[in-house]
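Comments concern the structure below.
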Amino acid sequence: MLKTAAKQFCLYSGRCLASLSPAQRIIGHEKNLWVEYSALAIRHQAVNLGQGFPDFPPPQFLKDAWSEAVDIPSAHWYTRGQGYPRLVTALSDLYSPEFGRTINPMSEIMTSVGAYESLYAALTAFTDPGDEVILIEPHFDSYSVVVEVCGGKPVYVPLKPEGDPRNANNWVLDKAEFEGAFNSKTKLLMVNTPHNPIGKLFSAEEMEFIARTCEKHNVLIISDEVYERCVFPGHVHHRIATVPGAWDRTITVGSAGKSFSMTGYKLGWAIGPQELISKLQTVHQTAVYSAPTILQEVIARCVEREIQMKGHGDAYHTQLPQIMKDGCSQIMAACQDAGLDVVEPFGGYFILVDTSPLGLEFDTSQVEYDIQCVHWLTEHKKLAGIPLSLFFGKNKHISEKYIRLCFAKSEGTLKTGGDIIRDITK
Ligand SMILES: Cc1ncc(COP(=O)(O)O)c(C=O)c1O
């Protein structure tokens, strides 16, 4: 059955505007989780631990980079579509040692408008109608929407707690279930580490298993690593592209917004072999042509600074893991004081909180418990979070009573949020 948009009429001609109705592929995708929950937080003037954006001011080196960039005339002009030369060169210098190979700045990197656009370009460039795309869930919401808009079919494989669910790394794939999801129609697999929303870091062994399975079935891998600089001290980020043999089939996505804690920058990049990146470029050059030049100049300077200061205490990427860990510890301590269990994360911006001890009762015949719980907390306790079930396409039962809170916040927000959590059962 064809899906139809509501009928509207032109005020002047009275003609039915049905022929101006949107393409079928976007119908059903009008709602956006971030729009909805940000509006909810604002409406109730709640402390926003929902959306993942740090609300602290930019560090001095970033402000300096802006003042210097503004005086460069060409930073105000159009630039090379696939990426501003100074930025792609800096990214190649940063990532080549981390990937254990020389990354060609001109052909193996594409910069984009946020990591979002790289993800969109990668999924769009490779998903044909009827293709199956394996999504490990819970998953970042945009993945499934883009797959569906392309006419592809998301195939969901859950991370399930094995052992103590309070440890993010205990949320694992069932190997047989994962392998069973592959068939001749499988085109792509999405993996995300550090993981949003669980805070899990995939181990080297897990990456090896996923890469080998994709190799066996000749499947492409998109690895969303936007939280790569937010890995807590003492823990390691494993890149699937570095598993022997995986580079040729992997696109790795990064984000300046997440790497420098300024999510409003909306600058991202995709890294991979020329044969794959050139296909993303086809989408990118038609959709946006290039990411904003001055922003790329600013971020190039920041990346160059990180390379120069690598390992030094003043390097931002030395400091960021501890900043994130401290924020997380504050929310964990507040939850502990309130008698709420959490899933302890090892990286990223988020922590899952088990709300069962709140003893809230809702009629769940129409709407999931966690959705009603978030609405209740936002309205009655002025604390905004995100329901975990919204990160699931199929296995929603796993989300049960978890909500996601963001700890990548300023001291003030963490303090106010922590105070609310401590008082929550009162
Ligand atoms: C897992 C994941 N991927 C991608 C993005 C988008 O990143 P950007 O803000 O650079 O577009 C986000 C943003 O929250 C995210 O959490």
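Take -14 as the starting number for the sequence shown in this note's numbering and just add one per residue.
Glycine included, C-beta positions come from ideal geometry on N, C-alpha and C.
The model shown is predicted, which means the values in this text are computed figures rather than measured ones.
Taking Cβ to Cβ, would you say residue i is nearer than 8 Å to residue j?
i, j, result
"Pro39", "Tyr301", "no"
"Ile57", "Leu76", "no"
"Val327", "Asp339", "yes"
"Val157", "Glu164", "no"
"Phe187", "Thr178", "yes"
"Lys381", "Gln30", "no"
"Asp209", "Phe335", "no"
"Asp78", "Ile292", "yes"
"Leu47", "Phe245", "yes"
"Thr267", "Ala110", "yes"
"Ile356", "Ser341", "no"
"His223", "Met247", "no"
"Gly344", "Ser129", "no"
"Ser395", "Phe41", "yes"
"Ala3", "Thr278", "no"
"Thr410", "Gly296", "no"
In the DSSP assignment, the alpha helix (DSSP H) including residue i goes from what residue to what residue?
i, result
"Lys310", "Tyr301 to Asp322"
"Leu104", "Gly99 to Phe111"
"Lys160", "Lys160 to Gly165"
"Lys400", "Glu396 to Asp408"
"Tyr128", "Ser127 to Val134"
"Tyr22", "Leu18 to Arg28"
"Val283", "Thr278 to Gln293"
"Tyr(-3)", "Note, Tyr(-3): premise wrong, no alpha helix (DSSP H); not H, not E."
"Leu72", "Pro70 to Phe84"
"Arg197", "Ala189 to Lys201"
"Ile12", "First-last for Ile12: undefined, no H or E at that position."
"Tyr354", "Tyr354 to Trp361"
Among residues of its own chain, excluding the 5 on either side of residue i, which ones have a beta-carbon nearer than 6 Å to its beta-carbon?
i, result
"Pro100", "What sits at residue 100 in the sequence shown is Ala, not Pro. Val211, Val238, Ser240 and Gly253, listed in sequence order."
"Leu5", "none"
"Val273", "Val98"
"Ala196", "Ile225, Val228 and Ala231"
"Glu117", "Lys138, Val140, Lys170 and Thr171"
"Trp51", "Val283"
Can you give the beta carbon distance from residue i to residue j, rounded, assuming they're within the 8 Å contact cut?
i, j, result
"Pro330", "Pro218", "Wrong, their Cβ atoms sit about 13 Å apart, outside the cutoff."
"Cys287", "Lys243", "Wrong, their Cβ atoms sit about 13 Å apart, outside the cutoff."
"Leu34", "Ala369", "6 Å"
"Ala255", "Val98", "Not quite, the Cβ-Cβ distance comes to about 12 Å (not below 8 Å), so this is no contact."
"Gly115", "Lys170", "7 Å"
"Ile383", "Pro143", "6 Å"
"Leu120", "Tyr141", "6 Å"
"Cys391", "Gln36", "7 Å"
"His269", "Leu25", "Their Cβ separation, rounded to whole angstroms, is 33 Å, which puts His269 and Leu25 out of contact at 8 Å."
"Lys160", "Phe194", "7 Å"
"Arg234", "Leu205", "5 Å"
With a threshold of 16 other CB atoms inside 10 Å of the CB of residue i, please say whether the residue is buried or exposed.
i, result
"Asn17", "exposed"
"Asn154", "buried"
"Asp149", "exposed"
"Gln67", "buried"
"Trp62", "exposed"
"Gly402", "buried"
"Glu(-2)", "Here residue -2 turns out to be Ser, not Glu, going by the sequence shown. So Ser(-2) ends up on the exposed side."
"Met(-14)", "Low per-residue confidence applies at Met(-14): pLDDT is 37, beneath 50, and the placement is therefore not dependable enough to give any value."
"His14", "exposed"
"Thr(-11)", "Only weak support is given to the placement of Thr(-11): the predicted model assigns it a pLDDT of 48, under 50, and the value that follows is read from those uncertain coordinates. Thr(-11) should be labelled exposed."
"Met91", "exposed"
"Asp348", "exposed"
"Val55", "exposed"
"Leu265", "buried"
"Pro413", "The displayed coordinates of the chain run from -14 to 411. Any statement about residue 413 would go beyond what the structure contains."
"Gly332", "buried"
"Pro7", "exposed"
"Ala180", "Correcting the residue identity first, residue 180 is His in this sequence and not Ala. Under this definition His180 is a buried residue."
Beta strand (DSSP E) containing residue i: first to last residue?
i, result
"Gly239", "Thr235 to Ser240"
"Leu205", "Leu205 to Asp209"
"Leu173", "Thr171 to Asn177"
"Asp144", "The residue you asked about is not Asp; residue 144 is Leu in the sequence shown. Lys138 to Pro146 is the span of the beta strand (DSSP E), which, as asked, contains Leu144."
"Val338", "Phe335 to Asp339"
"Ile256", "Gly253 to Ile256"
"Tyr274", "From DSSP, Tyr274 is part of no beta strand (DSSP E); its letter is neither H nor E."
"Glu53", "Taken as a continuous stretch (DSSP letters only), Glu53 belongs to no beta strand (DSSP E), being part of the alpha helix (DSSP H) at Gln45 to Ala54."
"Ile119", "Glu117 to Glu122"
"Leu390", "Tyr387 to Cys391"
Go through its chain and collect everything with a Cβ distance to residue i's Cβ below 7 Å, but skip five positions before and after it.
i, result
"Arg71", "Glu282 and Ala285"
"Glu162", "Val142"
"Arg290", "Phe46"
"Glu202", "The displayed chain sequence assigns His, not Glu, to residue 202. Hits under 7 Å: Phe167 and Thr171."
So, for residue i: in the same chain, excluding its five sequence neighbours on each side, which residues have a beta-carbon less than 8 Å away from its beta-carbon?
i, result
"Asp113", "Cys135, Gly136, Gly137 and Lys172"
"Ile88", "Leu76, Ser77, Tyr80, Ser81, Ile94 and Ile256"
"Ser127", "Tyr101, Leu104 and Tyr105"
"Thr74", "Pro90 and Ala285"
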